[in-house]
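Asker: The sequence shown begins at 133 in my numbering and counts up one residue at a time.
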Amino acid sequence: MAHGWLRHLGGDRMVVRSAGTEPKGVHPVAIRVMAEVGIDISDHTSDHVDEYVDEDFDLVLTVCDHAKEACPVFPGARRTLHRAFEDPDYPWMDEEEFNAVFRRIRDEIGDFSRALLARELGA
């Protein structure tokens, strides 16, 4: 969802990459709740972080505690920033509760993304 927000809000002023230590597809509920705010992430993929270790980045952002701990060092990164968001892995919830959790996290990530872009790009 962070990739979707940053790409949507930052437009062509920035390049966004999404990678993980255990890359997997986008959760279908994430796709649905992002579509509710007009952002299509259905084509998003996550690469393995090792693909980017030798690249130069202005900013490397981690958005979960596991990623912060497991992420390799990016020697070409000018800065790193960590902001943990809840990982909504709650199989015991009913669909309505599960959707509500995803919406709350979507909105938290959206607020964070707006503030980050305002600070970084003056957007």
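Even for Gly, the Cβ is constructed at its ideal location relative to N, Cα and C. Bear in mind the structure is a predicted one, so any value in this text is a computation, not a measurement.
In chain order, what residues of the same chain lie with their CB nearer than 8 Å to the CB of G208, ignoring the 5 residues before and after it?
Answerer: Numbered from 1 along the sequence shown, position 76 holds the residue referred to as residue 208. Around G208, the same chain offers D186, E187, D188, F189 as residues with beta carbons nearer than 8 Å, after the five sequence neighbours per side are excluded.
Asker: List the DSSP bridge partners of F189.
Answerer: Position 57 of the sequence shown holds residue 189. Answer is A209.
Asker: Output the distance between the C-alpha atoms of H254 and L141, rounded to the nearest integer angstrom.
Answerer: Walking along the sequence shown from the start, residue 254 turns up at place 122. Walking along the sequence shown from the start, residue 141 turns up at place 9. With the sequence shown as reference, residue 254 is identified as Gly, and His is not the correct amino acid for it. If I take the Cα positions, the gap works out to 12 Å.
Asker: Between the Cα of V233 and those of D175, G170, W137, V161, spot the shortest distance and give me the residue it belongs to.
Answerer: Here residue 233 refers to the residue found at position 101 of the sequence shown. Closest by alpha carbon: V161.
Asker: Provide the residue(s) that pair with D179 in DSSP beta bridges, ordered along the chain.
Answerer: Residue numbering aside, residue 179 sits at position 47 when the sequence shown is read from its first letter. Note: D179 sits in a beta bridge opposite A151.
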